[in-house]
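Peer 1:
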Amino acid sequence: MDMLSLASEFLQGLGVAVIAALLYERAARLPLTSLQRHLLVSVLFSVGAVGPAFFSAASSSGLSFDIGNVFVVLAMTYGGWITLTATTAVAVLGRLWLGGAAVTSSVLAVLICSVVSVAFAQMVKGRRVSIPALAGVGLLTSVALISVFLLPREIAMKVLGEVAPVAIVANVVAAVVVGRILELQRSHVGPQRLKEAPLGTTDTATGLLNRRVFDKLGPELAAAMNWAGQPYSMALIDIDAFDQVVEAHGHAAGEQTLRHVASVVQSAVRQTDMVASFGGQAIALVLPAYDAERALGLAERIQKAVAETPFHLNGIEIELTVSVGLHTPLPRKESFWIALGQADTALNRAKSTGRNRLEVAV
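In structure tokens:
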């Protein structure tokens with residue numbers, strides 16, 4: 021098989037894979053239940069896993085290689101157990117249906133990639149998937165080439181010499197291209213929920229999203245993160261000694277204080293983070309794609325910014341501090357409301373120990 025034919029078949033298979041990857045975000049935006057969304061993503065990954073096989077390059081022994089196994093390797097990271105199980109099953113059935121002299125080796129390669137998928141998902145859990153990581157998983161996909169040793173030794177060595185170099189390069193390129201598309205698509209899932217917030221949903225005192233919007237969009241944002249396999253964190257912020265400010269300077273001063281702190285908090289977060297009034301002097305944050313370490317760093321920066329940003333009432337400088345309760349839910353294991361309760365408990369613990377305190381839920 022000449023290099024031109026190999027390149028042509030690789031590009032055709034890559035085209036099928038790219039189309040399946042581009043539809044990933046569409047699935048996230050449809051008004052579906054979590055199970056329905058997982059099933060739809062499973063269909064997309066299954067198409068990606070078997071589609072390229074129809075354009076695969078075959079060696080003289082009959083063993084073919086294709087880039088479909090990249091979808092098997094990425095299934096756990098971007099779809100979870102349901103997607104991995106479905107994609108593996110469809111990929112195996114597809115290889116059996118296509119047949120060929122080395123069908124047993126092809127099926128074993130899929131099963132090896134399924135194991136790699138679980139390992140890779142654990143490696144990148146709670147973090148963005150970088151290009152080097154995708155290149156690495158492309159190399160891991162090529163581990164499935166050991167399946168050729170199910171063939172007679174002489175044929176296996178011949179196949180490795182003929183197919184392995186091209187297959188390794190193809191797997192790395194496909195993993196980077198497909199994985200990068202999926203990662204970019206996944207990064208849009210959470211922000212899209214916030215863009216859908218209707219007009220007239222802000223709290224008049226702070227200018228932040230109001231509690232009603234928080235109660236509606238907060239769980240949706242958390243569900244989107246869980247579906248995408250991304251972490252998220254929650255924080256509840258409370259202004260220390262707020263009642264004393266109101267007693268000393270009046271209710272109008274209290275509203276000024278709220279607006280000031282809300283402005284400081286808003287300026288410290290990203291546009292894709294949810295910042296909402298939580299009632300009284302409390303502010304709630306939902307932070308998509310924030311693991312515990314990043315969330316802790318943000319909470320500390322907010323506390324520092326509030327304490328260091330000058331605030332004056334009637335010509336008098338007022339020293340403001342905030343206490344923070346922080347929680348990073350276990351992926352797919354805690355409901356939004358349970359996670360919120362954990363953050364609230366952490367906040368109460370922080371407030372009970374003094375001013376300018378930060379507590380992380382345990």
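Add 20 to the 1-based position in the sequence shown for the numbering used here, that's all there is to it.
Built from N, CA and C at the ideal position, the CB exists for glycine as well.
1) Measure the CB-CB distance between ALA319 and LEU360 and report whether it falls below 8 Å.
2) Under a Cβ-count criterion, where at least 16 other Cβ atoms within 10 Å of its own Cβ denotes burial, should PRO330 be classed as buried or exposed?
3) Could you have a look at THR277 and say whether DSSP puts it in helix, strand or coil?
4) To the nearest angstrom, how far is it from the Cα of SER297 to the Cα of GLN323?
5) Nearest to SER343 by CA position, among LEU94, GLY374, LEU59, is which residue?
6) At which residue ranges does the region 292-380 contain complete beta strand (DSSP E) runs of 3 or more residues, listed in the order of the chain?
7) Indicate whether the contact test is met: 3 or more Cβ pairs, each with one atom in the region 188-195 and one in the region 231-241, closer than 8 Å.
8) Looking only at its chain, what residues have a beta carbon closer than 8 Å to the beta carbon of LEU42, apart from the 5 residues adjacent to it on each side?
9) In three-state terms, what does DSSP make of LEU43?
10) If THR103 sits next to SER62, beta carbons under 8 Å apart, how far is it from one beta carbon to the other, in whole angstroms?
11) Run through DSSP, which three-state label would ASP263 get?
12) Count the other C-beta atoms from every protein chain shown that fall within 10 angstroms of the C-beta of GLU203, then say buried if there are 16 or more, exposed otherwise.
13) Can you tell me where the alpha helix (DSSP H) holding ASN89 begins and where it ends?
14) Pull up the distance between the alpha-carbon of ALA111 and that of VAL123, whole angstroms please.
15) What's the C-alpha gap between LEU346 and VAL144?
16) Could you compute how far the alpha carbon of GLY119 sits from the alpha carbon of VAL127?
17) Tell me the DSSP secondary structure of ASP258 in three-state form.
18) Are ALA325 and LEU256 closer than 8 Å when you measure CB to CB?
19) Mind checking which residues open and close the alpha helix (DSSP H) that includes PRO239?
20) Looking at the structure shown, is SER62 part of a helix, part of a strand, or coil, going by DSSP?
Peer 2: With the structure as the only source:
1) Not closer than 8 Å, so no.
2) Counting other Cβ atoms within 10 Å of its Cβ, PRO330 stays below 16 and is therefore classed as exposed.
3) For THR277, the secondary structure class from DSSP, reduced to helix, strand or coil, is helix.
4) Rounded to the nearest angstrom, the two C-alpha atoms are 17 Å apart.
5) A check of alpha carbon separations from SER343 across LEU94, GLY374, LEU59 identifies GLY374 as the nearest.
6) Within the region 292-380, the runs of beta strand (DSSP E) that reach at least 3 residues and sit entirely inside it are, in chain order, 294-297, 302-308, 342-347, 378-380.
7) The answer is no - the region 231-241 does not touch the region 188-195, with fewer than three Cβ pairs under 8 Å.
8) Excluding sequence neighbours, LEU42 sits near ILE201, GLN205.
9) LEU43: coil per DSSP, three-state reduction.
10) For a cut-off of 8 Å, the C-beta gap from THR103 to SER62 is around 5 Å, short enough to register as a contact.
11) It is helical.
12) The residue in question, GLU203, is buried, as its Cβ has 16 or more Cβ neighbours within 10 Å.
13) Per DSSP, the unbroken alpha helix (DSSP H) holding ASN89 starts and ends at 89-118.
14) Rounded to the nearest angstrom, the two C-alpha atoms are 12 Å apart.
15) Between the C-alpha atoms of LEU346 and VAL144 there is a straight-line separation of about 23 Å.
16) Within the model, the alpha-carbon separation for GLY119 versus VAL127 is close to 10 Å.
17) Strand at ASP258.
18) In this structure, LEU256 does not lie closer than 8 Å to ALA325 by Cβ.
19) Taken as a continuous stretch (DSSP letters only), the alpha helix (DSSP H) holding PRO239 covers 231-247.
20) Helix at SER62.
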